[in-house]
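Report on the structure given below.
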Amino acid sequence: MKKTYIDTAMERIAPDLILKGGNVVDVFSGRVIKADVIIKDGIICGVGSYSGENEQDVSGKYVMPGFIDSHVHIESSMTQPSEYAKAVMPHGITTVIADPHEITNVCGEDGLEFMLKSAKNIPLDVNLMLPSCVPATPFEHTGANLDAKTTQKLAPKFFGIGEMMNYPGIVSGDDETLGKLCLDIIDGHAPLLSGHELDAYTSAGIKTDHECSVVEEMTEKISKGMYILLREGTLSLDVAKLIKGVTPYTLRRCAFCTDDRFVGEIIRDGSIDHCIRKAVSLGLNNIDAIIMATLNACEMYGMKNKGAIAPSYVADIVVADDLNLSSISQVYKNGKLVCE
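Numbering-wise, our numbering comes out as the position in the sequence shown, counting from 1, plus 1.
Rendered as structure tokens:
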């Protein structure tokens, strides 16, 4: 396949699609360049001057990577993955990191299997995390109990370990809790954790947090090597609280998430695109906001071939009328037009 991409870049073979004449958002250098984008077999092969058949004129529009929701509970939207995709993809969302702990707390392993099956064969990439806290606390009575042994058994089916809410169990070195940290990617959930306890929590390999409520907390967690997800859901509205913590020094450790957002709000106001618009309205540079929603999120989760408009990257692409995302014209997933 690599030879195919090379030959496409060198114009020895024709691309499947040419996005012609757009303003490409370069998330690596923080600039906008006028260029054509060529795609073959779902992969971007060139960004420059190209011509040929299958041209799509995007002159005057902005071409940027697909947006990533870095932490979401699809169940909170009150839809299943296939319907959720219909709501978020017109808003430019092409990948989500989804934690199905809500359905799992009710239905156990049956709920997990339902989500795994429902997330297949849809255009949205749903990277499912394995819930780490079922039940959420030891004194809750729910429909299931995923202990460390069960977690280790199920782990190979999942992208990572879902938000570790039991930070007292981590800090105290509880063997049962630590036994659940059996994948390389582990999401955090540690509101107001600080000092030695934060050191202990991050020493367990937990590198993300979406529960910051003040800039000082955000800054300390970034200084301890964590990525911070600025959350803007239905009830938890944190972008305005934390936006001053996004500086030229901390920018690359920040991303966006919705966590819990009703489907009606998604359809009306958006998802991660809404986060971008709100951050920009509060003073963040447009391109910096797009970097947070794309490249940062992908690097955070080790998705090395996503999050940029560049050769060898997956052709998950948003075409918008402007950098404020007031209107999204087209969304491409793996080089195929899925929304218009």
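Positions of the beta carbon are idealized from the N, C-alpha and C atoms, including for glycine.
- Checking the DSSP bridge columns, you'll see Met11 has no partner listed.
- Counting C-beta pairs with one atom in each stretch, the region 209-227 and the region 169-183 have fewer than three that are closer than 8 Å, which means they do not touch.
- Beta bridge pairing from DSSP links Pro66 with Ile318.
- Along the region 83-142, the beta strand (DSSP E) occurs as fully enclosed runs of 3 or more residues at 94-99 and 126-131, listed in sequence order.
- Taking C-alpha positions only, Cys134 is separated from Gly174 by approximately 16 Å.
- Membership of Met165 in the beta strand (DSSP E) is indicated by the continuous run Gly161 to Met165.
- Between His74 and Asp100, the beta carbon gap of about 6 Å places them in contact (Cβ cut-off 8 Å).
- In this structure, the alpha-carbon of Ala15 lies about 10 Å from that of Tyr6.
- Nearest Cα to Ile98 within the set Phe68, Cys108 and Asp239: Phe68.
- In this structure, the alpha-carbon of His92 lies about 42 Å from that of Asp176.
- In this structure Gly163 is in contact with His102, their Cβ atoms being roughly 6 Å apart against a cut-off of 8 Å.
- Looking from the CA of Leu236, the closest CA among Asp17, Phe263, Met304 and Ile318 belongs to Phe263.
- Segment contact: the region 51-61 against the region 234-252, fewer than three CB-CB distances shorter than 8 Å; contact not assigned.
- According to the DSSP secondary-structure assignment, Leu230 is paired through a beta bridge with Ala256.
- Inclusion of Ile310 and Val48 in the CB contact set at 9 Å is warranted, their separation being smaller than that value.
- Put simply, the backbone Cα of Ala156 is about 7 Å away from that of Leu131.
- Straight-line spacing of the CA atoms in Cys299 and Met293 works out to 9 Å.
- Non-local beta-carbon contacts of Leu199 in its own chain, meaning distances under 8 Å to residues more than five positions away in sequence, involve Ala191, Glu221, Lys222 and Lys225 in chain order.
- Put simply, of Ala137, Arg269 and Asp126 the residue whose alpha carbon is nearest the alpha carbon of Ser328 is Arg269.
- Comparing alpha carbon positions, the residue from Met11, Ser30, Gly43 and Leu18 closest to Lys307 is Gly43.
- Beyond the five residues adjoining it in sequence on each side, Gln81 comes within less than 6 Å, by CB distance, of Ser119 in the same chain, given in chain order.
- In the assembly as shown, Met11 is an exposed residue. Its beta-carbon has fewer than 16 other beta-carbons within 10 Å.
- The C-alpha of Gln331 is placed about 37 Å away from the C-alpha of Glu110.
- When C-alpha distances from Phe257 are compared across His197, Tyr228 and Glu266, the shortest belongs to Tyr228.
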